[in-house]
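To start, the structure under review is shown below, and the notes come after it.
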Amino acid sequence: MKYFFKKWFQIFKGAVSRFFQDNPWKHGAATAFFTIFSLPGMAIISITVASYFYEDTVVREQLITQIKLLMGDASAKQIEDLMGQAYISDAGIFLKAVGIGTLIFSATTVFVSLQDSLNYIWRIKPKPKKEAIKFILNRLLSLAMVVSLGFLILVSLLADTLITVLHDKVFTVLPDSIYFLAQSINLLISISLILLIFAVIYKVLPDATLKWRDVWIGAFITTLLFVAGKFGIGYYLGTSNLNDTYGAAGSLVLLLTWVYYSIIILLLGAQITYVHAKHMGRTILPNSNAVAIKLEEVERER
Numbered sequence: 001m002k003y004f005f006k007k008w009f010q011i012f013k014g015a016v017s018r019f020f021q022d023n024p025w026k027h028g029a030a031t032a033f034f035t036i037f038s039l040p041g042m043a044i045i046s047i048t049v050a051s052y053f054y055e056d057t058v059v060r061e062q063l064i065t066q067i068k069l070l071m072g073d074a075s076a077k078q079i080e081d082l083m084g085q086a087y088i089s090d091a092g093i094f095l096k097a098v099g100i101g102t103l104i105f106s107a108t109t110v111f112v113s114l115q116d117s118l119n120y121i122w123r124i125k126p127k128p129k130k131e132a133i134k135f136i137l138n139r140l141l142s143l144a145m146v147v148s149l150g151f152l153i154l155v156s157l158l159a160d161t162l163i164t165v166l167h168d169k170v171f172t173v174l175p176d177s178i179y180f181l182a183q184s185i186n187l188l189i190s191i192s193l194i195l196l197i198f199a200v201i202y203k204v205l206p207d208a209t210l211k212w213r214d215v216w217i218g219a220f221i222t223t224l225l226f227v228a229g230k231f232g233i234g235y236y237l238g239t240s241n242l243n244d245t246y247g248a249a250g251s252l253v254l255l256l257t258w259v260y261y262s263i264i265i266l267l268l269g270a271q272i273t274y275v276h277a278k279h280m281g282r283t284i285l286p287n288s289n290a291v292a293i294k295l296e297e298v299e300r301e302r
């Protein structure tokens with residue numbers, strides 16, 4: 001037990017040290033900025049995917065409900081407004097194609113930005129001769145990530161639907177403790193989806209070869225930090241007077257603050273993943289499309 005705590009103390013100490021050295025505030029701010037522009041496209045594509053199995057309005061309501069649980073009412077309202085203002089023009093094939101292309105480009109930009117940040121943290125960069133190919137592959141990979149969000153919304157929707165049906169048909173004649181257990185299972189499913197999202201981001205997004213054991217440990221710790229910190233940032237956003245300070249832009253500032261916090265937690269989790277793998281004698285290596293880089297301080301010779 002003593003070794004366990006000593007080991008994780010060293011890992012967290014090393015991760016926090018690298019975290020501050022790598023200027024996470026800049027990477028977090030850049031990704032949060034791109035996220036605001038990506039949200040409408042991400043939402044529309046995710047809803048479109050899930051709508052093949054459920055009614056469009058039901059999927060949209062479920063997405064907003066999940067956002068409210070994570071970010072609060074103000075941020076959910078801001079995202080709902082952004083979704084309402086985003087549409088694809090029907091005025092001709094050309095304009096429609098431009099609209100779809102713009103939608104996909106904007107929706108995938110946040111994942112490309114996040115990939116750059118993770119590559120930097122793990123000291124990896126794409127090979128210069130393959131930049132054009134990498135650009136296309138990155139966009140396709142990011143699009144796949146957005147589409148997968150649609151399936152995650154579908155899973156969440158199915159879980160909520162099952163709980164509702166069981167409540168109406170079964171739980172009304174069973175003790176309240178059974179219903180509480182079902183709600184706890186539903187909450188566990190939501191947390192598991194968050195864990196899965198972090199795991200997929202760490203495994204698939206960077207140009208790295210990473211063992212699943214390191215992925216799951218990093219994703220698990222990131223999920224714990226995210227869920228625990230959600231209450232802290234939620235309390236801050238709920239008690240702060242950002243709406244009074246920023247006026248009409250208050251809800252947008254609330255959304256930016258939440259996204260920025262989430263990215264910072266994800267980057268800290270990436271540092272923990274890196275340090276843990278190194279502590280266990282494993283190295284995060286670049287894949288075939290990337291190379292490892294080394295940061296070195298060099299003083300000017302006099």
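The working numbering puts the first residue of the sequence shown at 1, with every later residue one more than the last.
Where a beta carbon is used, it is the ideal one built from N, C-alpha and C, also for glycine.
The model shown is predicted, which means the values in this text are computed figures rather than measured ones.
Step through the CB atoms of chain B and report whether any lies within less than 9 Å of the CB of residue i.
| i | result |
| --- | --- |
| PHE231 | The chain labelled as chain B is not found in the depicted structure, where only one protein chain is given. |
Return helix, strand or coil for residue i, following the three-state DSSP convention.
| i | result |
| --- | --- |
| ILE197 | helix |
| ILE189 | helix |
| LYS125 | strand |
| VAL298 | coil |
| PRO206 | coil |
Out of curiosity, what's the CA-to-CA distance linking residue i and residue j?
| i | j | result |
| --- | --- | --- |
| TRP25 | GLN62 | 32 Å |
| THR222 | VAL215 | 10 Å |
| GLN21 | PHE220 | 23 Å |
| GLN10 | MET1 | 14 Å |
| SER113 | LYS278 | 25 Å |
| LEU295 | SER117 | 15 Å |
| TYR261 | LEU39 | 16 Å |
| VAL204 | LYS13 | 26 Å |
| LYS230 | ARG300 | 45 Å |
| ALA228 | ILE67 | 17 Å |
| LEU187 | PHE180 | 11 Å |
| LYS127 | ALA32 | 26 Å |
| ILE217 | THR273 | 7 Å |
| LEU225 | LEU195 | 11 Å |
| VAL298 | SER17 | 20 Å |
| PHE4 | ALA43 | 42 Å |
| VAL49 | LYS6 | 46 Å |
| TYR120 | ILE104 | 25 Å |
| THR257 | ILE47 | 24 Å |
| ILE45 | THR57 | 14 Å |
| MET280 | ILE191 | 27 Å |
| ILE64 | ALA199 | 23 Å |
| TRP8 | GLY41 | 39 Å |
| ASP81 | ILE185 | 31 Å |
| THR102 | GLY232 | 36 Å |
Between the beta-carbon of residue i and the beta-carbon of residue j, is there less than 9 Å?
| i | j | result |
| --- | --- | --- |
| ILE201 | LEU268 | no |
| ARG282 | LYS211 | yes |
| ILE79 | LEU193 | no |
| ILE263 | HIS27 | yes |
| PHE259 | ALA15 | Reading off the sequence shown, one finds Val at residue 259, where the question assumed Phe. No, the Cβ-Cβ distance between VAL259 and ALA15 is not below 9 Å. |
Please return the same chain residues whose Cβ sits closer than 6 Å to the Cβ of residue i, not counting the five positions on each side in sequence.
| i | result |
| --- | --- |
| PHE19 | LEU268 and GLN271 |
| SER51 | VAL59 |
| ILE197 | none |
| PHE37 | SER106 |
Kindly list the residues whose CB is nearer than 7 Å to the CB of residue i, restricted to its own chain and excluding five residues on each side of it in sequence; keep chain order.
| i | result |
| --- | --- |
| ALA30 | SER113 |
| ALA290 | ILE124, LYS125, PRO126, LYS127 and ASP207 |
| THR35 | VAL110 and VAL259 |
Spatial neighbours of residue i within its chain, please: CB distance less than 8 Å, with the 5 preceding and 5 following residues excluded, ordered by chain position.
| i | result |
| --- | --- |
| ARG213 | none |
| ALA292 | ARG123, ILE124, LEU285 and PRO286 |
| THR209 | ILE284, LEU285, PRO286 and ASN287 |
Is it the case that the CB of residue i approaches a heavy atom of the ligand ZN more closely than 8 Å?
| i | result |
| --- | --- |
| GLU80 | Within the structure as shown, the ligand ZN is missing, as the structure has no ligands at all. |
Q.
So within the region 21-82, which uninterrupted beta strand (DSSP E) runs reach at least 3 residues, ignoring any that extend past its ends?
A. Runs of the beta strand (DSSP E) spanning 3 or more residues and lying entirely within the region 21-82 do not occur at all.
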